[in-house]
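Report on one structure; see the data block that follows.
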Amino acid sequence: MNELLDISSTAIAGFFAATWAVLFIAKMRIFQAVGNLRSYAPISFDDKVSVIVPVRNEEKTIGRCIHSLLSQTGCSKELIVVDDHSTDSTWEIVKQFSAFDVKAVRAGDPPDGWVGKTWACNTGFQNSTGKWLLFTDADTEFSNEALARALNAAKTLNVDMLTLYPRLRFASLLHKTIMPLLLTGLYFLARPHRISEDGSAFAFGSFILMSRQAYQMLGGHAAVKNTILEDRAIAVRAKRAGLHMAFIDATQMLTASWNDDSKSLWNGMLRLFIPLSLKANFKQFVTYFILAAACLTMPVAVLLTGNYVGWMVCYVSAGLVLGHEARRHRASIMYGFLWPVGVATLTLVLLVAFYKSRRRPTVSWRGRNYVISMGEIHEVASVY
5 MNELLDISST AIAGFFAATW AVLFIAKMRI FQAVGNLRSY APISFDDKVS VIVPVRNEEK
65 TIGRCIHSLL SQTGCSKELI VVDDHSTDST WEIVKQFSAF DVKAVRAGDP PDGWVGKTWA
125 CNTGFQNSTG KWLLFTDADT EFSNEALARA LNAAKTLNVD MLTLYPRLRF ASLLHKTIMP
185 LLLTGLYFLA RPHRISEDGS AFAFGSFILM SRQAYQMLGG HAAVKNTILE DRAIAVRAKR
245 AGLHMAFIDA TQMLTASWND DSKSLWNGML RLFIPLSLKA NFKQFVTYFI LAAACLTMPV
305 AVLLTGNYVG WMVCYVSAGL VLGHEARRHR ASIMYGFLWP VGVATLTLVL LVAFYKSRRR
365 PTVSWRGRNY VISMGEIHEV ASVY
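Taking our numbering, the leading residue of the sequence shown gets 5, the next gets one more, and so forth.
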């Protein structure tokens, strides 16, 4: 009996380690396929790019974001910052840049059926004149050739929509333990190298570049006015419309944050997973849950048999792969070895998201509370 347990636990450990090795190889192949933004020269173009930045209580980051955008070279641009009822000093900071031709616009109250961010993005579009539109976030910072290189990439690849993968700034210990796990799952499940084919439609809100023609053809943010995952919703609609999209690695030229503290990270994960747990996306949600649960239970099962070597194989294999992802974002590789904490947290988030989705699916976002339901194409949010 003991011999059978030893064989079984060794097989489980081997399978666990092999799975992480496959994930690592798949990730490296994906990034080889999508290419790097630095491989596109910063060629000068006459086409104007309207950069639209919706803001709400962003006093800690908006100044650096604007500075980095004003430093862009090799392209004609206009910078439009749209304030969505900030209660801190965001508006005063933005107004300080008026002398540098930064358009500071107040969004006004969102009409019925709109959420704050989509209304701010729509307001920015209404004030824009560019042939290209870049929607970005207030916590995003650009190297001075990023926009010119991105525009060259969009033209070279002949795409209607381009999204860039930024280097993420991990603000807390929870970020450092869970974000490498979330991002590794993204590569495996979303297949970003096939974003226009059979991959899952998605986009990083920190960088969505679209031609004006394509944006208007989709109906702009008016078409996704009541969603709290507007970046993904726009990508879904673009894919359904047959538009050509591309995903490019820009971790060396673009930085961003995904929620700036542990509380906002928790709410951000609920904002992501509650829509997935609703009926239309339930299979994808179950996939996430099974993977997270397996990451916890398989090493524990090996440990309970007394196979300490097998357990160490499980622990180290996952730690190395996730540590590599942490290093991509300039965090210590050692945070990868805190993956049991990250997996446990993710499993808890998934359970809470499932519970809330079956009772009253509510999400807090940017100081507003929303009830989530499933629409025909994507989730729908309404203020309560």
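Ideal Cβ placement from N, Cα and C applies to all residues, glycine included.
Item: Tell me whether D235 sits in a helix, a strand or coil according to DSSP, three-state version.; Value: helix
Item: Would the region 124–134 count as touching the region 8–23 if we require 3 or more Cβ pairs under 8 Å?; Value: no
Item: Just to check my reading of the structure: A124 and A111 have Cβ atoms closer than 8 Å, yes? What is that Cβ distance to the nearest angstrom?; Value: 4 Å
Item: Under the rule that 16 or more other beta-carbon atoms within 10 Å means buried, what is K180, buried or exposed?; Value: buried
Item: Alpha carbon to alpha carbon, how far is Q220 from I238?; Value: 12 Å
Item: Measuring only the C-alpha atoms, how far is A357 from E201?; Value: 29 Å
Item: Tell me where the beta strand (DSSP E) around T181 begins and ends.; Value: Run containing T181: none in the beta strand (DSSP E); it sits in the alpha helix (DSSP H), L177 to A194.
Item: Looking at C-alpha atoms only, which residue of I16, A207, T231 and N40 is the closest neighbour of D116?; Value: T231
Item: Do the region 163–171 and the region 89–105 touch if we need at least three Cβ pairs shorter than 8 Å?; Value: no
Item: If we call anything under 7 Å between Cβ atoms a contact, is L213 one with R241?; Value: no
Item: Could you pull out every residue in the same chain whose Cβ sits closer than 6 Å to the Cβ of T65, ignoring the five residues on either side in sequence?; Value: A142 and D143
Item: Could you round the C-beta distance between E63 and D105 to whole angstroms and report it? I think they count as a contact, below 8 Å.; Value: About 22 Å separates the two Cβ atoms, so there is no contact after all.
Item: If you compare alpha carbons, which of L190, F192, P344 and G189 is closest to Y319?; Value: P344
Item: With a floor of 3 residues, list each beta strand (DSSP E) that falls wholly inside the region 123–174, ordered by position along the chain.; Value: 136–139, 165–169 and 171–173
Item: What is the DSSP secondary structure of T291, counted as helix, strand or coil?; Value: helix
Item: Any heavy atom of the ligand MG inside 6 Å of the beta-carbon of C125?; Value: The ligand content of the structure shown is nil, which means the ligand MG is not present either.
Item: Rank R33, V26 and Q76 by C-alpha distance to the C-alpha of M257 and give the top, closest one.; Value: Q76
Item: Enumerate, from N- to C-terminal direction, the unbroken beta strand (DSSP E) stretches of 3 or more residues contained entirely within the region 301–382.; Value: 366–369 and 372–378
Item: T94 bridges to which residues according to DSSP?; Value: Looking at the DSSP assignment, T94 forms no beta bridge with any residue, so it has no partner.
Item: Would you call T349 buried or exposed, if buried means 16 or more other Cβ atoms sit within 10 Å of its Cβ?; Value: buried
Item: Sorted by chain position, which residues of the same chain lie with C-beta nearer than 8 Å to R42's C-beta, five sequence neighbours on each side aside?; Value: R153, Q256 and M257
Item: Would you kindly report the start and end of the unbroken beta strand (DSSP E) that includes L213?; Value: I212 to S215
Item: Just to confirm my understanding: we take L138, look at its own chain, exclude 5 residues before and 5 after, and list those with CB closer than 6 Å. What are they?; Value: V53, V55 and L213
Item: Determine the closest residue to E149 out of Y359, H382, I47 and I16, with distance taken between C-alpha atoms.; Value: I47
Item: Since T259 sits in a beta bridge, which residues does DSSP pair it with?; Value: E145 and R171
Item: How about G314 and G340: do their beta carbons lie closer than 7 Å?; Value: no
Item: Taking Cβ to Cβ, would you say M273 is nearer than 7 Å to V353?; Value: yes
Item: Roughly how many whole angstroms lie between the Cα atoms of A215 and S72?; Value: With the sequence shown as reference, residue 215 is identified as Ser, and Ala is not the correct amino acid for it. Going by the C-alpha atoms only, they are around 22 Å apart.
Item: Do D253 and V38 have their CB atoms nearer than 7 Å?; Value: yes
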